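With the numbering used here, letter number 367 in the sequence shown gets 882, and the count goes up by one each step, no holes.
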Amino acid sequence: MSAKDVLKHATTLASYNVLLQVMFRVLTFLLNAFTLRFVSKELIGVVNVRLTLLYSTLVFLSREAFRRACLSSKAEHNWRQVINLLWLTVPLGVLWASVLGCVWLWLLEAPDPQAIPHYGPAVCLFALAALQELLAEPLWVLAQAHMFVRLKVVAESLAMVARCVLTMVLVVWSPQWGLYIFSAAQLVYTGILVLCYAAFFLRFLSCGEAERQSFPLRSMGDLLPSRVGDEQSIVNWKLARLTWSFFKQSFLKQILTEGERYVMTFLNVLNFGDQGVYDIVNNLGSMVARFVFLPIEESFYIFFAKVLERGREVRHQKQEEVAMAAEVLECLLKFVLVIGLIITVFGYAYSYLALDLYGGSLLSSGTGPSLLRWYSGYVLLLAINGVTECFTFAAMSKEEVDRYNVVMLALSVSFLILSYFLTWWQGSVGFILANCLNMGLRIVHSLLFIHRYFLRSPWAPLRGLRPSPMVLLALGLSAVLTAFSEGVFCCDRGWLFRLVHVGVGATCLLGVLATILFTETRLVHFIRTQLLSHYTKKET
């Protein structure tokens, strides 16, 4: 597959993933707004922080390293060896489920059984849901590696809709079930995921399509662990060693990604009610970051990993492919930077209104608006870090990945320490401050790597971090006008004044977008020809 074909598939995958994340976040957004009317914020805190942390930790530590390693090699895999390696995620998941289950059941403080019953069974059911999802891991990697972009969208969409519908029905009809409601919904979610992947490959392998596309496997039996041959090992040991390197890194990255939840869970700096409010505000603030930036990071990691040769200098690689990678990196940096700046500017003036509309005084009173304003600034750092680390991890050699593990260890320790002290000083806002500091350090590390990588080449993709002066001027004027509008019109003077405040923001946003359209012509061309190419082709 040529570099242009890989770019085409990666951008299509990014587009589908953005739609998937939009749907996921919108459904979660609506589900939280709905359940707030029927369950307590303490119950939401236990589910969205304590139990979800168990699930995400178990799944991430069991599969993330395998995903990165098995999707990173440009050379053709022996897919039987890869399948054997990927099935190790299941026993590894069982091991992690045993260890983490004991910690969640016996070492952490349990919620009051009178206010939040069924905590013990819920821990076991969430762990079971994670193990159930790991059964689809070999199929997921196969689908990603061979660019079956629609499969992920369909599977996760069906699973999300089923989980939301089941949760809403049970919350209305049987609210006394408490944690059992969310446990059952999580089991249904992972079960549908596994069934969708299994059904797809069953049909794909049995109808002759696999042979026509030169797919490396021919039957469902090939998707199970098996002997490779007399002269070959069961697994690719080079890939296994790379997996181990990523595993050490993934453990640290998980602490950084979910650090505030670990601090809340293990250090008890916030009660379950405050945890629930923080989680809702956090989800609201991260909607754009997760449904735009994360899919781009995941999709273009595959592009960079396939186009670039890991650990080799630029001059020793195909110059046409390196040029394409540099151009894509520059445009991606400009794209996420502009979006991050827009969110930062408009998030400041509309945080209070958004929280008041979403959850009423429960969220708009207290630290909620301040927390969301800080998070709007944090989104800018998230945007830049996602793209820079995406490229860095795809281009690093195994030795560089190992060295970066030491950096991640230092960042993890500093983050935990900062989170504890900043939370003690500033409350829940301290989590955002600690995240900002650590994210800034990660960005600096990635920028230095990218600078060294292209130092002796004619390309300078870091120019993407310099928006045009006219765009910066438009954003600055918008910040002043929307802040003034909030002080004058929002938010205790009735709906008419709120609408005026929204109108001021909409006008400023249109001005910013028009400025981008006329000044950032290269970025606009990239968005039209790559990120939006799938939809324009579909329409024509």
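Each residue gets a CB set at the ideal place from its N, CA and C atoms; glycine is no exception.
These figures come from a predicted structure and were not determined experimentally.
Supposed close pair residue i, residue j - CB separation, criterion 8 Å
| i | j | result |
| --- | --- | --- |
| residue 960 | residue 922 | 6 Å |
| residue 652 | residue 708 | So it is not a contact: roughly 10 Å between Cβ atoms. |
| residue 576 | residue 701 | With a Cβ gap of about 18 Å, residue 576 and residue 701 do not count as contacting. |
| residue 962 | residue 903 | 6 Å |
| residue 883 | residue 750 | Contact doesn't hold; Cβ gap of about 49 Å is too wide. |
| residue 842 | residue 978 | 11 Å between Cβ atoms; not a contact. |
| residue 566 | residue 608 | About 17 Å; that fails the 8 Å criterion. |
| residue 694 | residue 633 | 5 Å |
| residue 669 | residue 711 | 7 Å |
| residue 605 | residue 650 | 7 Å |
| residue 716 | residue 738 | 7 Å |
| residue 926 | residue 809 | In fact, because the Cβ distance is near 19 Å, the residues do not count as touching under 8 Å. |
| residue 571 | residue 773 | 6 Å |
| residue 1005 | residue 1012 | 7 Å |
| residue 683 | residue 546 | 7 Å |
| residue 612 | residue 754 | Not a contact, Cβ separation roughly 25 Å. |
Buried versus exposed call for residue i [16 or more other C-beta atoms within 10 Å across all chains shown]
| i | result |
| --- | --- |
| residue 876 | exposed |
| residue 932 | exposed |
| residue 779 | buried |
| residue 938 | buried |
| residue 596 | buried |
| residue 589 | Note that residue 589 scores 46 on pLDDT, short of 50, meaning its location in the model is unreliable and no value can be drawn from it. |
| residue 975 | exposed |
| residue 1040 | exposed |
| residue 950 | buried |
| residue 624 | exposed |
| residue 553 | exposed |
| residue 736 | exposed |
| residue 1007 | exposed |
| residue 1003 | exposed |
| residue 973 | exposed |
| residue 501 | Since the first and last residues shown for the chain are 516 and 1055, residue 501 lies out of range. |
| residue 889 | buried |
Residue i in three-state terms, based on DSSP
| i | result |
| --- | --- |
| residue 812 | helix |
| residue 1035 | coil |
| residue 965 | helix |
| residue 750 | coil |
| residue 574 | helix |
| residue 882 | coil |
| residue 821 | helix |
| residue 912 | coil |
| residue 585 | helix |
| residue 627 | coil |
| residue 1041 | helix |
| residue 891 | helix |
| residue 831 | helix |
| residue 856 | helix |
| residue 728 | coil |
| residue 974 | coil |
| residue 662 | coil |
| residue 553 | coil |
| residue 655 | helix |
| residue 773 | coil |
CA nearest to the CA of residue i, picked from the options
| i | options | result |
| --- | --- | --- |
| residue 1009 | 872, 948 and 906 | 872 |
| residue 657 | 869, 600, 1034 and 621 | 600 |
| residue 1042 | 583, 811 and 635 | 811 |
| residue 641 | 1040, 667, 583 and 562 | 562 |
| residue 943 | 966, 1027, 885 and 958 | 885 |
| residue 557 | 703, 627 and 1040 | 627 |
| residue 822 | 566, 548 and 586 | 586 |
| residue 698 | 713, 735, 645 and 584 | 645 |
| residue 1097 | 621, 629 and 654 | No answer is possible for residue 1097: the residues shown for the chain start at 516 and end at 1055. |
| residue 1001 | 928, 862 and 660 | 862 |
| residue 671 | 545, 686 and 703 | 703 |
| residue 802 | 847, 581 and 858 | 858 |
| residue 798 | 564, 1037, 1044 and 1035 | 564 |
| residue 945 | 785, 761, 1018 and 725 | 785 |
| residue 762 | 870, 684, 913 and 898 | 913 |
| residue 947 | 800, 583 and 1033 | 800 |
| residue 1035 | 1045, 981, 747 and 690 | 981 |
| residue 1071 | 781, 1016, 919 and 726 | The question about residue 1071 has no answer, for the chain in this structure spans 516 to 1055. |
| residue 964 | 1014, 993 and 905 | 905 |
beta-carbon residue i near the ligand ADP non-hydrogen atom, thresh 6 Å
| i | result |
| --- | --- |
| residue 1038 | The ligand ADP is not among the ligands present in this structure, which contains no ligands whatsoever. |
Problem set entry | Cβ pair count under 8 Å reaching 3, the region 670 to 683 against the region 726 to 735 | no
Problem set entry | the region 937 to 957 touching the region 884 to 900, judged by at least three CB pairs closer than 8 Å | yes
For this session: Decide if the region 825 to 841 is in contact with the region 852 to 862; the criterion is three or more beta carbon pairs, one per stretch, under 8 Å apart.
Result: no
For this session: Report yes or no: do three or more beta-carbon pairs, one from the region 811 to 829 and one from the region 906 to 918, lie closer than 8 Å?
Result: yes
Problem set entry | At least 3 beta-carbon pairs within less than 8 Å: the region 969 to 986 vs the region 997 to 1008 | no
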